[in-house]
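Notes follow once the structure below has been shown.
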Amino acid sequence: MSAFLSIRNLSVALKGGPRLLRAVSLDVAVGEVRGLVGESGAGKSMIGKAVLGILPHSVEVVAGEIWLDGVDLLRLKPAERRRKVGATAALIPQDPLTALNPSRRIGRQITDRLVDILGWTRADAESRALELLGEVHIPDPARVMHSYPHELSGGMRQRVLIASAFAAEPRLIVADEPTTALDVTVQKQILRLIAQMQARHGTALLFVTHDLGVVSKVCSSLSVLYGGLVLEQTGVRDFFRAPQHPYSRALLAATPQYTDPMAGLNPVPESVIAAVTEEVAQADRGWRHG
Amino acid sequence: MLDARGMIKRRLGLRLWLSGGWLLLLALAAILAPWIAPHDPLMQDLFTSRLPPFWMDGAEPGYWLGTDSLGRDVLSRIMHGARVALIVALIAGTATALIGATLGLIAGYFRGWADLVISRMVDIWMAFPPVLFAILLIAVMGTGLTSVVVAIIVIDWTRFARVVRAEAMSQGAMDYVASAQVAGQRRLGTMLTEILPNVLPTIVALLTLEMGIAVIVEAILGFVNLSVSTDSPTWGGMIAEGRASVHRAWWVLVFPLITLFLTVLSFSQLGEGLKDRFDPVLR
Amino acid sequence: MILRRVLLRLLTTLVTLLGVSVIVFVTIRVVPGDPIAMMLPPGATDDDIDRLRRIYGLDRSIAEQYFIWLSGVVQGDFGTSIQTRQPVLNLVLRRLPATLELSIMALVIAMVIGGFLALTGTRLRGTRTEGAIDVTNGMALSVPDFLWGLVLILLFGVLWPVFHISGRISPNLTSEFSTSFYLFESVFRLRFDLWLDLVSHMFMPALALAIPLAAIIGQLLKQSLKETMHLDYVTLSRTKGYGENHVIIREALPNAVLPTLTLIGVQFTFLIGGTVIIERLFSYEGLGNMAIDAVINRDLPLIQGIVILFALLFTVVNLLVDMLYAVLNPRLRHA
Numbered sequence: 001m002s003a004f005l006s007i008r009n010l011s012v013a014l015k016g017g018p019r020l021l022r023a024v025s026l027d028v029a030v031g032e033v034r035g036l037v038g039e040s041g042a043g044k045s046m047i048g049k050a051v052l053g054i055l056p057h058s059v060e061v062v063a064g065e066i067w068l069d070g071v072d073l074l075r076l077k078p079a080e081r082r083r084k085v086g087a088t089a090a091l092i093p094q095d096p097l098t099a100l101n102p103s104r105r106i107g108r109q110i111t112d113r114l115v116d117i118l119g120w121t122r123a124d125a126e127s128r129a130l131e132l133l134g135e136v137h138i139p140d141p142a143r144v145m146h147s148y149p150h151e152l153s154g155g156m157r158q159r160v161l162i163a164s165a166f167a168a169e170p171r172l173i174v175a176d177e178p179t180t181a182l183d184v185t186v187q188k189q190i191l192r193l194i195a196q197m198q199a200r201h202g203t204a205l206l207f208v209t210h211d212l213g214v215v216s217k218v219c220s221s222l223s224v225l226y227g228g229l230v231l232e233q234t235g236v237r238d239f240f241r242a243p244q245h246p247y248s249r250a251l252l253a254a255t256p257q258y259t260d261p262m263a264g265l266n267p268v269p270e271s272v273i274a275a276v277t278e279e280v281a282q283a284d285r286g287w288r289h290g
Numbered sequence: 291m292l293d294a295r296g297m298i299k300r301r302l303g304l305r306l307w308l309s310g311g312w313l314l315l316l317a318l319a320a321i322l323a324p325w326i327a328p329h330d331p332l333m334q335d336l337f338t339s340r341l342p343p344f345w346m347d348g349a350e351p352g353y354w355l356g357t358d359s360l361g362r363d364v365l366s367r368i369m370h371g372a373r374v375a376l377i378v379a380l381i382a383g384t385a386t387a388l389i390g391a392t393l394g395l396i397a398g399y400f401r402g403w404a405d406l407v408i409s410r411m412v413d414i415w416m417a418f419p420p421v422l423f424a425i426l427l428i429a430v431m432g433t434g435l436t437s438v439v440v441a442i443i444v445i446d447w448t449r450f451a452r453v454v455r456a457e458a459m460s461q462g463a464m465d466y467v468a469s470a471q472v473a474g475q476r477r478l479g480t481m482l483t484e485i486l487p488n489v490l491p492t493i494v495a496l497l498t499l500e501m502g503i504a505v506i507v508e509a510i511l512g513f514v515n516l517s518v519s520t521d522s523p524t525w526g527g528m529i530a531e532g533r534a535s536v537h538r539a540w541w542v543l544v545f546p547l548i549t550l551f552l553t554v555l556s557f558s559q560l561g562e563g564l565k566d567r568f569d570p571v572l573r
Numbered sequence: 574m575i576l577r578r579v580l581l582r583l584l585t586t587l588v589t590l591l592g593v594s595v596i597v598f599v600t601i602r603v604v605p606g607d608p609i610a611m612m613l614p615p616g617a618t619d620d621d622i623d624r625l626r627r628i629y630g631l632d633r634s635i636a637e638q639y640f641i642w643l644s645g646v647v648q649g650d651f652g653t654s655i656q657t658r659q660p661v662l663n664l665v666l667r668r669l670p671a672t673l674e675l676s677i678m679a680l681v682i683a684m685v686i687g688g689f690l691a692l693t694g695t696r697l698r699g700t701r702t703e704g705a706i707d708v709t710n711g712m713a714l715s716v717p718d719f720l721w722g723l724v725l726i727l728l729f730g731v732l733w734p735v736f737h738i739s740g741r742i743s744p745n746l747t748s749e750f751s752t753s754f755y756l757f758e759s760v761f762r763l764r765f766d767l768w769l770d771l772v773s774h775m776f777m778p779a780l781a782l783a784i785p786l787a788a789i790i791g792q793l794l795k796q797s798l799k800e801t802m803h804l805d806y807v808t809l810s811r812t813k814g815y816g817e818n819h820v821i822i823r824e825a826l827p828n829a830v831l832p833t834l835t836l837i838g839v840q841f842t843f844l845i846g847g848t849v850i851i852e853r854l855f856s857y858e859g860l861g862n863m864a865i866d867a868v869i870n871r872d873l874p875l876i877q878g879i880v881i882l883f884a885l886l887f888t889v890v891n892l893l894v895d896m897l898y899a900v901l902n903p904r905l906r907h908a
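Chains as they are written, first to last, in our numbering: chain A, 1 to 290; chain B, 291 to 573; chain C, 574 to 908.
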């Protein structure tokens with residue numbers, strides 16, 4: 001099995017409430033870029049959070065396995081799990097404006113994991129951070145190292161966060177809608193940067209997005225989600241040529257770039273929604289909490 | 291999740307009942323003190339001085355909580371002291387609320403120079419150590435019930451003014467107030483019909499809190515012998531007396547202290563409880 | 574821009590202080606009792622009274638008296654105490670260190686206890702311990718320092734007498750000091766015997782002052798911490814492999830402290846105001862105790878001096894807190 005991340009039948013539910021992920025299984029191979037696509041509430045972010053162990057307090061894993069680098073994370077003790085995740089995976093968060101600690105210098109926020117978790121010397125960590133800031137095209141990295149987050153623009157901060165995510169050479173990165181909070185002009189640059197960095201470092205990438213246009217630019221494969229259910233998993237090329245699931249087809253039709261731009265937006269038809277909702281209900285049949 | 295609001299409500303209810311019950315008991319004791327107190331609170335008797343409370347060796351029947359160094363009955367003095375404490379709490383608390391809230395409403399709603407003057411006064415008041423200010427005022431006016439009440443109003447009106455001003459300002463900025471004004475209501479009318487009802491829960495909650503504070507200030511003034519008068523029994527006076535002889539007769543300090551403690555706690559819990567009850571989200 | 578804000582701030586401070594002095598001045602001159610008559614031995618003639626009255630300027634109008642007093646103050650002359658016939662400034666400055674040391678000690682105790690409660694409550698959020706901390710905080714908050722002082726006297730002065738409950742220091746040790754900052758001096762001179770004696774006297778009054786403030790710090794800081802714990806950078810830090818303790822202390826705490834700080838500033842001035850009655854309760858020889866004596870003795874110049882000093886202390890504390898806020902907040906520091 002060449003999958004670096006392998007999620008088996010993962011179910012996540014509100015504590016004492018309904019499921020948010022319904023027996024999700026998906027694999028990410030070494031160096032693969034897998035898009036997780038769906039509308040808001042489809043559970044795509046929840047998958048990344050479950051892998052990284054940052055599910056909200058109100059939510060818990062009720063069944064399944066998460067194999068990362070040959071270990072089932074859900075069977076590790078909390079401290080072991082944190083260390084395993086910290087050493088092998090990283091997150092590129094959604095909103096660069098809130099994802100940097102306002103009271104700590106940029107340099108420290110990039111190097112802290114290298115020093116505290118991976119045991120590097122401070123000097124090594126700092127030169128590594130400088131090198132990475134250069135890689136993400138930040139002018140004058142030495143100055144930025146000593147800056148506070150509020151002194152940088154949103155795009156710059158997202159570059160810093162990308163540098164920080166790649167700093168420890170993780171084998172897997174979860175990118176959680178990394179461009180949604182940015183200006184349209186900056187979005188393209190950041191997207192190109194992530195693709196570039198991924199190619200250079202050969203990192204597996206789990207790319208959470210609602211935007212099929214983004215998927216077509218960055219990903220090599222994708223999983224389509226609705227209501228916490230995986231509807232279709234396939235390669236990007238196959239998907240855009242011939243989507244299998246009716247919901248996928250409707251989603252593709254609703255994305256402006258891939259239809260006549262003059263036709264405007266085609267919302268997903270009611271009938272498709274009804275069918276896919278029935279599919280979700282089907283999945284819940286026979287499932288009982290706890 | 292299962293009816294968390296019901297849980298909160300029940301806990302609130304218990305808190306309200308307990309504190310309300312204690313205050314009711316105290317009020318009854320205060321009102322009925324002349325008839326049910328076992329002894330004359332002022333009667334000195336050196337033969338019965340420093341009698342311990344009833345469960346200890348050497349206690350005399352009838353002196354349930356013991357006597358002080360002059361042989362005065364502690365229980366009777368606590369009951370009579372409750373009269374002063376509760377009268378001060380009611381009068382001073384209400385008057386402080388009325389004056390402070392009025393100034394706060396004016397400052398917060400009318401803004402302009404009225405706000406400027408009132409806010410500056412609040413700033414100046416905040417630079418006074420309140421206890422010292424109260425003592426100073428009593429020294430100037432002489433001891434007595436009126437002086438104590440006036441002193442409490444003077445040192446504490448800012449508490450209401452500050453809070454009510456802020457609330458009135460935020461209420462005044464809301465749409466329904468603007469629409470009332472557009473509808474042609476006069477400024478004063480808007481203040482009374484639109485702003486006041488919304489600020490009222492806060493005022494009521496603060497009022498109970500203020501009553502507890504008034505009780506404390508009265509006790510502190512009694513402690514430095516500057517309360518209603520030197521010969522009527524006050525909790526503060528008893529505490530001063532108890533503090534002086536704490537190594538020989540601890541009960542002279544303990545019982546008024548417990549009473550004071552429960553009373554202050556009850557007033558503040560009552561305030562918290564009322565605030566939650568008035569809170570539309572929990573109601 | 575910054576200079577203008579500082580100047581404006583100083584101007585309002587000055588207005589506040591002037592306001593305080595006017596109010597005190599007018600208030601105490603409505604005193605019905607005659608301080609001069611009380612000073613003289615029985616059998617003094619009316620002439621004697623008039624002469625003393627002139628010496629203390631009490632024969633003039635209130636406005637005149639105020640401007641005479643104010644012009645003295647500008648030159649550092651706060652008048653002469655009627656009771657002790659010593660310059661007010663000397664008397665007040667001799668007592669100020671005692672009150673400052675007590676207040677600062679109380680502040681430190683409050684921050685330690687409050688910080689501990691907030692961190693523990695955040696670490697164990699959602700458990701029974703957090704509930705217990707909330708209830709304790711609520712109680713500690715609604716009972717004022719005066720009552721806590723009495724409780725402490727009973728607990729640690731009578732029931733289990735381990736601390737002193739009156740005075741600032743054992744009387745035979747006062748001659749050991751050359752300044753009035755006993756606590757600081759004992760530390761600098763490495764006289765830990767003196768330090769221990771001081772602390773065993775100060776601890777009870779300081780704790781009584783600290784309990785309500787500790788509860789406020791505990792409550793505000795915990796609330797602020799819990800809000801911060803939901804923020805993205807805290808979550809990001811978790812994915813890096815950090816545990817709960819590290820996340821709370823290094824990521825959340827520095828940002829949660831800032832909003833708490835200004836509130837602590839105001840509360841600290843309340844604490845200083847509380848020293849007046851707490852010093853009385855513990856017979857601690859500080860400013861507050863002297864103030865009550867001055868009021869009882871109708872020592873007008875001394876009362877004025879002390880109240881102004883308190884007001885000055887309050888405004889300085891507020892100023893310091895604002896400055897500290899600016900220093901700790903990187904946004905303002907670089908703006």
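Glycine is no exception: its CB is placed at the ideal position from the N, C-alpha and C atoms.
Small disclaimer: the values here were computed from a predicted structure and weren't measured.
Beta-carbon to beta-carbon, A:L100 and A:V160 are separated by about 7 Å, close enough to satisfy the 8 Å threshold.
As the crow flies, the alpha-carbon of C:L794 is around 8 Å from that of C:P832.
The alpha-carbon of B:A504 is positioned some 13 Å away from that of B:S556. Chain order gives the chain B residues near C:V731 as V536, H537 and W540, where near means a beta carbon separation below 8 Å. Among the residues of chain C, those whose CB is under 7 Å from the CB of A:R113 are K813 and G814, following chain order. In the structure shown, A:D176 falls within a strand segment according to DSSP collapsed to helix, strand and coil. Using a Cβ-Cβ cut-off of 9 Å, A:L152 is close to nothing in chain C; its nearest Cβ partner there is about 12 Å away. Of all residues in the segment 869 to 896 of chain C, the ones placed with a Cβ closer than 8 Å to any Cβ belonging to chain B are I869, R871, I876, I879, V880, F883, A884, F887 and T888, in chain order. By the Cβ test, the segment 498 to 512 of chain B is in contact with the segment 710 to 728 of chain C, since at least three Cβ pairs between them sit closer than 8 Å.
For C:G704, the closest of C:L746, C:S634, C:G791 and C:R633 by C-alpha to C-alpha distance is C:G791.
The beta-carbon separation of A:S221 and A:G235, rounded to 5 Å, stays under the 8 Å limit for a contact. In this structure, the alpha-carbon of A:D112 lies about 12 Å from that of A:M145.
With its beta carbon less than 8 Å from one in chain C, B:R533 belongs to the interface. At the C-beta level, B:L395 and B:L486 come within 8 Å of one another. Three or more pairs of CB atoms, one per stretch, sit closer than 8 Å, so the segment 10 to 28 of chain A contacts the segment 62 to 80 of chain A.
Interface with chain A (8 Å Cβ-Cβ cutoff): C:D805 is included.
At a cut-off of 8 Å between C-beta atoms, C:P827 counts as an interface residue with respect to chain A. Here C:R853 has N862 and I865 as same chain residues with Cβ atoms under 6 Å from its own Cβ, once five neighbours each way along the sequence are excluded.
At a beta-carbon threshold of 9 Å, the residues of chain C lying near B:V514 are I850, R853, I865, V868 and I869, ordered along the chain. Ranked by Cα distance from C:A671, the first of C:F757, C:L834, C:F765 and C:G816 is C:F757. Taking 4 residues as the minimum length, the segment 808 to 841 of chain C contains no alpha helix (DSSP H) run wholly inside it. Boundaries of the beta strand (DSSP E) around A:W67: V59 to L68. Counting C-beta pairs with one atom in each stretch, the segment 405 to 413 of chain B and the segment 544 to 559 of chain B have fewer than three that are closer than 8 Å, which means they do not touch.
In this structure, A:A168 is the residue among A:A87, A:P96, A:F240 and A:A168 with its C-alpha nearest to the C-alpha of A:E131. The beta carbon of A:A79 sits closer than 8 Å to some beta carbon of chain C.
At a cut-off of 4 residues, the continuous stretches assigned as alpha helix (DSSP H) that sit fully inside the segment 98 to 177 of chain A are 106 to 116, 122 to 135, 141 to 145 and 154 to 166. In this structure, A:I117 lies near A:A87, with their beta-carbon atoms less than 8 Å apart. A check of alpha carbon separations from C:N818 across C:T747, C:A691, C:S751 and C:A884 identifies C:A691 as the nearest. Residue-level contact check: B:F418 touches chain C, since one or more beta carbons of chain C fall below 8 Å from its beta carbon.
In the three-state reduction of the DSSP assignment, A:R34 falls in the strand class, which pools E and B. Taking one beta carbon from each stretch, the segment 805 to 819 of chain C and the segment 844 to 858 of chain C have fewer than 3 pairs nearer than 8 Å; the two do not touch. Taking all protein chains in view, the Cβ of A:E126 is crowded by 16 or more other Cβ atoms within 10 Å, so the residue is classified as buried. Beta-bridge analysis with DSSP links A:Y226 to A:L229. In the same chain as A:T255, and ignoring 5 residues on each side of it, the C-beta atoms closer than 8 Å to its own belong to D211, L212 and G213, in chain order. Residues of the segment 100 to 134 of chain A with a C-beta less than 9 Å from any C-beta of chain C: L100, N101, P102, S103, R104, R105, Q109, D112, R113, D116, I117 and L118, listed in chain order.
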